[in-house]
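Report on the structure given below.
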Amino acid sequence: MKRVVSLAVLVTIVLGMSLLLALSGQSFYPSENLRWLAIVYLNTTYNPYLPDFTVRSPESVTAIVWDYRGLDTLYETTVFYLAIIAGLALGRGVKRLNQKPTDESGLSPIVKTVTKITGPMILAVAASIGLHGHLTPGGGFQGGATAAVVPVVFIVVFSSFYLLWKGVSSQRMLTLRSAGLIGIGLTSISLFLAGLLLGLPSYVFQNIAKAGSPLSMPYDVHGALLSGTLWWFNLFEFLAVSSGFTLAFIILMTPEAEEKW
Amino acid sequence: MRAARAIPVALLAFVTYIVFSGSTSGYDLVTGLLVSVVVGALFANVTIERPSKLLSPKRWYWALRYALRYFIVDETKCHIDVAKRILSPRMPVNPGIVVVPFDVESDYAMTAIANSITNTPGTVVVEVDKKNKVFYVHWIDVASIEPREAKKGISETFEYYSKKVFD
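Chains as they are written, first to last, in the numbering used here: chain A, 2 to 262; chain B, 5 to 171.
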């Protein structure tokens, strides 16, 4: 019986490996024949020789998200903002419990101690994802979502009251979120306003100079690439998304007090 | 002092930021500095209670010694032991949960011991009782259920070093 089992295990491993080998040759490779649209994006995303067309960001996804189709992303951000507002509206008039977290609440003191160290590390990684959005894959939304892991982990590990007790209230998060959104709005019209003041033609959501409009956001500071508006959009989106998610988690995870007002 | 507690956290955040970004260009150093100041300020009252401990070279020396000893000697021993048990056809295991006392003050020292126990194969801390100062440890081969004997077999060296580093 034992021999049959070991034989079966052996045969399964061999068959599995050969299946893997047979299939791995047919795995998906991106074609070298790109569609013309892809070629346009790849040729213009960072191309100093085409100063009227380029975004000056080597990360074409962020360039598409915040420059080529920036208006679309602005409305996506607005939709997310409205979703948070709707969540707030659902929980309106609910008084949240706010008590001192005790040693007993949450998980074990071992997990708490480890979380005290990993918390700042998660936030640093999140900030790096957000602030490198115009250079490497990532960006404000991804970084902000990563940063929002911190409040969730702290709520689970310490106590549902922990954030409120430390002063991370839904009002403050709403303020931060609104500041982020205002920043995004201001960034999108910054060159348009500059154009009005200087008497030069410029567009809403303009980033780098276009034909007939010589204005550009500063895309380069002492050799460090900022890619114009992309850096600012990522920064404000990071603020808006991280505080928005935190707000949602506070609403979802803090128990309500008995009395109502 | 909030600022003094913020500095070690900011340092941790800065190192994490640079390592994760994988670059030391001017842009990374400047943004890393700004980010670590913010993170340090946010976590100053959370992560560290007595930052002066970080300035003690003796603690760093013992931390290094502990790390080297733990990863080279203790880990290897336990891996060989568990590998033997897995490969042996008789499967010589005698699993059970034992009480292991610990005698350290700070949370960091306790966490270091608990994580050292869990990270070595064969033993896992399943519960901790801070009031009575005991771990409940699942042991692959229970040699003794007497707490002091169990401690000798599981965590005595870890405690010796952790105490010198964190307490």
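Ideal Cβ placement from N, Cα and C applies to all residues, glycine included.
Residue nearest to residue 235 of chain A within the set A:44, A:136, A:40 and A:96 is A:136 (criterion: CA-CA distance). Among the residues of the region 117-131 of chain A, those with a Cβ less than 7 Å away from any Cβ of chain B are 117, 118, 120, 121, 122, 124, 125, 126, 128 and 129, in the order of the chain.
Judged by pairs of C-beta atoms under 8 Å, the region 145-154 of chain A does not touch the region 72-83 of chain B, as fewer than three such pairs exist. If you draw a straight line from the Cα of residue 3 of chain A to the Cα of residue 10 of chain A, it is about 11 Å long. Minimum Cα-Cα distance from residue 16 of chain B among the listed residues A:125, A:176, A:191 and A:66 corresponds to A:125. DSSP places residue 105 of chain B within a strand segment (E or B) once states are collapsed to three.
Think of a sphere of 8 Å around the beta carbon of residue 156 of chain A: no beta carbon from chain B falls inside it, the nearest being about 13 Å out. Rounded to whole angstroms, the separation of the alpha carbons of residue 151 of chain B and residue 97 of chain B is 20 Å.
Residues of chain A whose Cβ lies closer than 7 Å to the Cβ of residue 111 of chain B are, in chain order, 110 and 114. Contact of residue 114 of chain B with chain A by beta-carbon distance below 8 Å involves 110, 111 and 114.
Within chain B, the residues whose beta carbon sits less than 8 Å from that of residue 223 of chain A are 30, listed in sequence order. Under DSSP, residue 105 of chain A forms no beta bridge with any residue. Following the DSSP letters along the chain, one finds residue 160 of chain B inside the alpha helix (DSSP H) bounded by residues 160-170. About 5 Å separates the CB atoms of residue 98 of chain A and residue 258 of chain A; that is less than 8 Å, so the two are in contact. Proximity of chain B to residue 135 of chain A at the Cβ level (cut-off 9 Å) is not reached, the minimal Cβ distance being about 10 Å.
Here DSSP, grouped into helix, strand and coil, assigns residue 204 of chain A to coil. Judged by beta-carbon spacing, residue 147 of chain B lies beyond the 8 Å limit of residue 129 of chain B, meaning their Cβ atoms are not closer than that value.
The residue among B:171, B:126 and B:122 with its C-alpha nearest the C-alpha of residue 99 of chain B is B:126.
A contact between stretches requires three or more CB pairs, one per stretch, nearer than 8 Å, and the region 113-133 of chain A meets this requirement with the region 31-50 of chain B. An exposed status is given to residue 90 of chain A, since fewer than 16 other beta-carbon atoms sit within 10 Å of its beta-carbon. For residue 102 of chain B, no CB of chain A lies under 8 Å from its own CB, so it is not counted at the interface with that chain. For residue 169 of chain B, there are no C-beta contacts with chain A under 7 Å, since the nearest C-beta of that chain is about 14 Å from it.
Against chain A, a Cβ distance below 8 Å from residue 134 of chain B picks out 104 and 110. Taking 4 residues as the minimum length, the alpha helix (DSSP H) runs contained wholly in the region 105-160 of chain B are 111-123 and 151-158, in order along the chain. Under DSSP, residue 221 of chain A forms a beta bridge with A:226. The contact set of residue 80 of chain B on chain A, defined by CB atoms closer than 7 Å, is empty, because the minimum CB distance reaches about 24 Å.
Nearest in C-alpha terms to residue 121 of chain B, of all of B:14, B:19, B:57 and B:154, is B:154. When DSSP states are grouped into helix, strand and coil, residue 211 of chain A belongs to the strand group. Note on residue 220 of chain A: 16 or more other CB atoms within 10 angstroms of its CB, so buried under the neighbour-count rule. Given a length threshold of 4 residues, each whole run of the alpha helix (DSSP H) inside the region 122-163 of chain A is given here in chain order: 141-148 and 150-158. Taking the CA atoms as reference points, residue 27 of chain A sits about 16 Å from residue 17 of chain A. Between the C-alpha atoms of residue 67 of chain B and residue 61 of chain A there is a straight-line separation of about 45 Å.
Nearest Cα to residue 79 of chain A within the set A:133, A:184, A:209 and A:114: A:184. The Cβ atoms of residue 67 of chain A and residue 231 of chain A sit closer than 8 Å to each other. At a cut-off of 8 Å between C-beta atoms, residue 40 of chain B counts as an interface residue with respect to chain A. DSSP places residue 50 of chain B inside the alpha helix (DSSP H), whose first and last residues are 30-51.
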